[in-house]
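Okay, structure first, notes after.
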Amino acid sequence: MSILVVGSVAYDNLETPAGKRDDVLGGAATHFSVAASFFTDVHLVGIVGHDFEDAHIEFLRGRGINLNGLEVVTTGKTFRWTGSYLNDLNSAETHDTQLGVFAEFDPTLDEEQKTKPYLFLANIHPQLQLKVLDQMETPQLVAMDTMNLWINTERDALQKVIERVDCLFVNDGEAKLLTGESGMLAAAKTLRAWGPRIVVIKRGEYGSLLFTDAGIFSAPAFLLDSIADPTGAGDTFAGGFLGSVARAGNLEDETLRRGVLFGTVMASFQVQGFGLDRLRTLTRDEIEGRFSQLGKMLTADTSPLFAKA
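For the sequence shown, the numbering used here gives the first residue as 1113, with consecutive numbering after it.
See the structure below:
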């Protein structure tokens, strides 16, 4: 089933312990779309400027991503973010943000986009997320992401969005900040009480937690020898999760748990290159292989650990 994603398409200037790169293709909607495109059909709604390279349009279309909703403004420049991870790979330091044409982003859906069964509201202003929600007809699943900025500055609008979605992606710090709770279980219970029946809390190198009516599922991270660039890992995780779920076409708990694992796998590939470099060469066989490796971590026979002493 098709996924509609609404969010940012950007250029990133990045510096990590692995090196420095400028003009890297980025943006939340971009990372999500590319990851999800390995599983299902994706329609992207976003905005870019006259400086957005044709090669990037060709790359996204080459992944089968529908770009009918990508507006190109010839009088402005593409959203650009400059940041580094020199002190902590789990936390970006922002040096410069130039919104460019993204400041004018006013998502208006066409008749086809309004009917998509799956919607991902990437990290944009909550009022824009609400506008998109108001245009949708009867989506089967609506998922969203957010960030500390909106939690601190647009809490009322953000909570209105959360109350209307089925699935919420947040990291552990955002979950605590949103709810005022100090523990993950209490935070998840509060978030689910607001509306979302599915809450996914991302914990970086410590894995992720899935909270549903069926209970709690804890998935480990896929550990790597080295990380090149963590930018977009969360959006790539969401793309792998929702892409896998849309491909299955149901919201059974087993499907959601597999979604978490596929999200983990996609994020693990994402961080191995700058921007989308690793996903450009990624194959389905590699995804399935790493999924199998991750599965063995969860299904190994642990019975001897619980034998009586």
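Using N, Cα and C, we set each Cβ at its ideal position, and we do this for glycine too.
Within the DSSP secondary-structure output, aspartate 1124 pairs in a beta bridge with Val1136 and Trp1193. Shown here, valine 1357 sits in a helix according to DSSP, grouped into three states. Of the candidates Pro1219, Asp1208 and Glu1400, Glu1400 places its Cα closest to the Cα of glycine 1352. Within the stretch 1134-1170, the runs of beta strand (DSSP E) that reach at least 3 residues and sit entirely inside it are, in chain order, 1154-1161. By the Cβ criterion, the stretch 1197-1213 is not in contact with the stretch 1223-1232, since fewer than three pairs of Cβ atoms, one from each stretch, lie closer than 8 Å. In the structure shown, methionine 1256 falls within a strand segment according to DSSP collapsed to helix, strand and coil. DSSP, read as helix, strand or coil, puts threonine 1411 in helix.
The alpha carbon of histidine 1162 has as its nearest neighbour, out of Asn1264, Val1121 and Pro1229, the alpha carbon of Val1121.
With fewer than 16 other Cβ atoms inside 10 Å of its own Cβ, serine 1294 counts as exposed. If the five residues before and after valine 1184 are omitted, its C-beta is found closer than 6 Å to the C-beta atoms of Val1160, all from its own chain and listed in chain order. Inclusion of alanine 1141 and glycine 1158 in the CB contact set at 7 Å is warranted, their separation being smaller than that value. By the C-beta density criterion, histidine 1155 is buried, having at least 16 other C-beta atoms within 10 angstroms. Taking a contact as a CB-CB distance under 8 Å, the pair aspartate 1347 and alanine 1234 counts as one, their CB atoms being some 7 Å apart. Cysteine 1279 and proline 1308 have their C-alpha atoms some 5 Å from each other. Every beta strand (DSSP E) of 3 residues or more that sits fully in the stretch 1324-1376 is shown, in chain order, as 1327-1331.
Measuring C-alpha to C-alpha distances from valine 1254 to each of Asn1260, His1237 and Arg1276 identifies Arg1276 as the nearest.
Burial state of arginine 1392 is exposed, judged by a 10 Å Cβ sphere holding fewer than 16 other Cβ atoms. For aspartate 1284, the secondary structure class from DSSP, reduced to helix, strand or coil, is helix. Between arginine 1369 and phenylalanine 1334, the C-beta spacing is not below 7 Å.
Secondary structure of valine 1118 (DSSP, three-state): strand. Around the beta carbon of tyrosine 1318, a 10 Å sphere encloses fewer than 16 other beta carbons of the protein chains shown; the residue is thus reported as exposed. By DSSP's assignment, isoleucine 1313 forms a beta bridge with Val1282 and Leu1321.
The Cβ neighbour count for aspartate 1397, taken over all protein chains shown within 10 Å, is under 16; the residue is labelled exposed. By alpha-carbon distance to tryptophan 1193, the top candidate from Thr1250, Gln1210, Phe1349 and Ala1345 is Gln1210. Excluding sequence positions up to five before and after proline 1251, its CB lies within less than 7 Å of the CB of Lys1228, Pro1229, Tyr1230 and Leu1231, all in the same chain and listed in chain order. In this structure, threonine 1128 lies near tyrosine 1197, with their beta-carbon atoms less than 7 Å apart.
Taking all protein chains shown into account, glutamate 1286 has 16 or more neighbouring C-beta atoms within 10 Å of its C-beta and is therefore buried.
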